[in-house]
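Numbering of the sequence shown is given in this note's numbering, commencing with residue 9 and proceeding in unit increments.
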Amino acid sequence: MLKPEEILKFIQDDSASEKKKFARMGQRYYEGNHDIENYRLYYYNENGKLVEDKNRSNIKISHPFFSELVEQAAQYMLSGKDGFMKSDNPSLQKVLDERFNENDDFIAETYELLIGAMSKGFEYMYAYTREDGSTAFQCADSIGVVEVRAKDTDDGCQYMIYRYTDRIEKGRKKINRIEVHDKEQVYFYVQDGENSVPVLDPDAKLNPKPHKTYRKEGSKDIYYDDFGYIPFFRLDNCKKQFSDLRPVKALIDDYDLMACGLSNNIQDASEYLVVVKGFQGDNMEELMQNIRTKKHVGVDGDSGGDVDFKTVDIPYEARKIKLEMDEKNIYKFGFGLNMAGFKDTAATTNIAIKAMYSLLDLKANRLEIRLKQFLRKILEVVLREVNEEQGTAYQTSDVYFDFAREIPTNEKENADIELVEAQRRQAEVNTVISLADTLDDDTVLKLICEQLDIDYSEVKDKLPKDDGGSEGMTQSAIDGIVVEE
Numbered sequence: 009m010l011k012p013e014e015i016l017k018f019i020q021d022d023s024a025s026e027k028k029k030f031a032r033m034g035q036r037y038y039e040g041n042h043d044i045e046n047y048r049l050y051y052y053n054e055n056g057k058l059v060e061d062k063n064r065s066n067i068k069i070s071h072p073f074f075s076e077l078v079e080q081a082a083q084y085m086l087s088g089k090d091g092f093m094k095s096d097n098p099s100l101q102k103v104l105d106e107r108f109n110e111n112d113d114f115i116a117e118t119y120e121l122l123i124g125a126m127s128k129g130f131e132y133m134y135a136y137t138r139e140d141g142s143t144a145f146q147c148a149d150s151i152g153v154v155e156v157r158a159k160d161t162d163d164g165c166q167y168m169i170y171r172y173t174d175r176i177e178k179g180r181k182k183i184n185r186i187e188v189h190d191k192e193q194v195y196f197y198v199q200d201g202e203n204s205v206p207v208l209d210p211d212a213k214l215n216p217k218p219h220k221t222y223r224k225e226g227s228k229d230i231y232y233d234d235f236g237y238i239p240f241f242r243l244d245n246c247k248k249q250f251s252d253l254r255p256v257k258a259l260i261d262d263y264d265l266m267a268c269g270l271s272n273n274i275q276d277a278s279e280y281l282v283v284v285k286g287f288q289g290d291n292m293e294e295l296m297q298n299i300r301t302k303k304h305v306g307v308d309g310d311s312g313g314d315v316d317f318k319t320v321d322i323p324y325e326a327r328k329i330k331l332e333m334d335e336k337n338i339y340k341f342g343f344g345l346n347m348a349g350f351k352d353t354a355a356t357t358n359i360a361i362k363a364m365y366s367l368l369d370l371k372a373n374r375l376e377i378r379l380k381q382f383l384r385k386i387l388e389v390v391l392r393e394v395n396e397e398q399g400t401a402y403q404t405s406d407v408y409f410d411f412a413r414e415i416p417t418n419e420k421e422n423a424d425i426e427l428v429e430a431q432r433r434q435a436e437v438n439t440v441i442s443l444a445d446t447l448d449d450d451t452v453l454k455l456i457c458e459q460l461d462i463d464y465s466e467v468k469d470k471l472p473k474d475d476g477g478s479e480g481m482t483q484s485a486i487d488g489i490v491v492e493e
């Protein structure tokens, strides 16, 4: 068992790690909080000191490209209509549909898992037991999960620490809940503030609590059991656990800077440069303050004094071109789908649409490899439970994964293709019918069944028996065929 001081030390060390630093950055960008929010303007005053310029326009707008890239990939991965866990065994397929494919809770948690893995670099899902005794899974925020290795503990045991914020009290003080999991049970702690030593949760009815607590049907008794393993499963976005933000962060920051710079230029277009000639006063800032507030200033024309106001042209075209380049590169290097490409009406054919999805397909294919490995571990837990309850012998090898991702198509083009195909089949059937007098009945019937995709053996069995021979049988079958135009 970990000591409270050890728990705090592990949490603090993990929070300060580079891995969690990048994870928090990815989460921040996914939530639309970019570095541009901290952008400030400075200038040197008349004393040569660098001071913040609070008079100039400083618009700060985050453009959430990263949120779109992550959402695109997550929704595309789960876009298949018939689920992604398959089996050739009908009874096993029924179990898979019930526990995974048609389980809205599991699909929702898997969606959050994908979002977290791509935005933060890695995400967790943990197993828990429902009241009916079945195992369910829930996504766990990787920012609050700490993996503790056995060699780093005094008792030589491996642990998983999960910390999450329960509430925020007055004064913005966080009250955190901490769960410490080992292979048999979970300990519950409460932390008053971010850096305080956690204490055992006094409100927990059972502390420590076995992993599995459930009631059997028809019994009021509570049964306890353990998983035999730490019930946390991790999905990595890549081997180094980097988020998808890494290759596009600089491009997104540059886009924010260019776009906000253009907004500032437009905002400041009503401003002007003040050219002061023959100024002999003591305070130039007082002169500028009079111009800003009183909108007038007095000058001595006899001594050559003058004030001239000049405007500056906005570098609109240069910023526009740079914004377009950044946007194109964000989708290119972020492996996303740039919807701007669909503005061209010539790019709506099925081939063009598939080409537009090519980068997103590459990203999904890479993620699919690791997701299959992850789901295989989840599947093993569920099948072991099902085998114990139902006396079956299902194996993970009986299950395969099929992520039939859906790509939109041009419906008009599909209809045209179907029409051409129907016309081709009709022409071929008509050709076969025209040769009915030349070919034997069985051959004609087989050819017609091939064109209409009909089982020849079933049709043959349904034909009326003719005592006088087979002559006329094919013609009667042909007469009963309706070819759609």
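The beta carbon of each residue, even a glycine, is placed where N, CA and C say it ideally should be.
Treat the numbers as computed from the prediction; the structure is a model and nothing was measured.
- Message: Among the candidates Ile176, Lys68 and Arg32, whose CA atom is the shortest distance from the CA of Asn46?
- Response: Of Ile176, Lys68 and Arg32, the smallest CA-CA separation from Asn46 is found for Lys68.
- Query: Looking at Met93 and Phe108, is the spacing between their C-beta atoms short of 8 Å?
  - Reply: Yes. Within cutoff.
- Item | Where Ala326 falls: helix, strand or coil (DSSP) | In the structure shown, Ala326 sits in a helix (DSSP, three-state: H, G or I).
- Out of curiosity, what's the CA-to-CA distance linking Leu10 and Leu345? CA-CA distance, Leu10 to Leu345, rounds to 47 Å.
- Task: Report the three-state DSSP secondary structure of Cys268 (helix, strand or coil).
- Result: The three-state reading of DSSP puts Cys268 in helix, counting H, G and I together.
- Report the three-state DSSP secondary structure of Cys246 (helix, strand or coil). Cys246: coil per DSSP, three-state reduction.
- Query: Distance, Cα to Cα, Phe130 vs Asn272?
  - Reply: CA-CA distance, Phe130 to Asn272, rounds to 38 Å.
- Item | Neighbour-count burial assignment, Ile386, 16 or more Cβ in a 10 Å radius | Ile386 comes out buried.
- Message: Let me make sure I understand the geometry here. Which of Ile15, Leu379, Cys268 and Tyr365 has the alpha-carbon closest to that of Lys328?
- Response: Per the Cα distances, Cys268.
- Query: Contact check, Tyr402 vs Val394 under 8 Å by CB: the rounded distance?
  - Reply: Between Tyr402 and Val394 the beta-carbon gap is near 6 Å, inside 8 Å, which marks them as a contact.
- Mapping DSSP to helix, strand and coil, what is Pro98? Helix, per DSSP.
- Message: Considering just the uninterrupted stretch of the beta strand (DSSP E) at Ile183, what are its terminal residues?
- Response: Note, Ile183: beta strand (DSSP E), Lys181 to His189.
- Taking the continuous alpha helix (DSSP H) assigned at Tyr365, which residues delimit it? Per DSSP, Tyr365 belongs to no alpha helix (DSSP H) and is neither H nor E.
- Message: Here's the rule I'm using: 16 or more other beta-carbon atoms within 10 Å means buried, otherwise exposed. How should Leu253 be labelled?
- Response: So Leu253 ends up on the buried side.
- Message: Can you tell me whether Asp264 is buried or exposed? The criterion is at least 16 other CB atoms within 10 Å of its CB, across all chains shown.
- Response: Buried is the call here.
- Query: CA-CA distance, Tyr119 and Asn66?
  - Reply: Straight through space, the alpha carbons of Asn66 and Tyr119 are spaced by roughly 37 Å.
- Item | Distance between Arg157 and His219 (C-alpha atoms, nearest Å) | Distance from the CA atom of His219 to the CA atom of Arg157, rounded to whole angstroms, is 20 Å.
- Query: By Cβ distance, which residues of its chain are closer than 7 Å to Tyr38, with the 5 residues on each side in sequence left out?
  - Reply: Excluding positions up to five away in sequence, the list reads Phe74, Ser75, Val78 and Ser127.
- Message: Relative to the C-alpha of Arg378, which candidate in Gln249, Leu100 and Tyr170 has its C-alpha closest?
- Response: Of the candidates Gln249, Leu100 and Tyr170, the residue whose Cα lies closest to the Cα of Arg378 is Gln249.
- Sorry if obvious, but does the Cβ on Asn373 come closer than 7 Å to a heavy atom of the ligand FMN? With respect to the ligand FMN, the structure shown offers nothing to examine, as it has no ligands at all.
- Query: Around the Cβ of Asn53, are there at least 16 other Cβ atoms within 10 angstroms (buried) or fewer (exposed)?
  - Reply: Around the beta-carbon of Asn53, fewer than 16 other beta-carbon atoms lie within 10 Å, marking it exposed.
- Message: Please state the DSSP three-state secondary structure of Asp160.
- Response: Three-state DSSP puts Asp160 in a helix.
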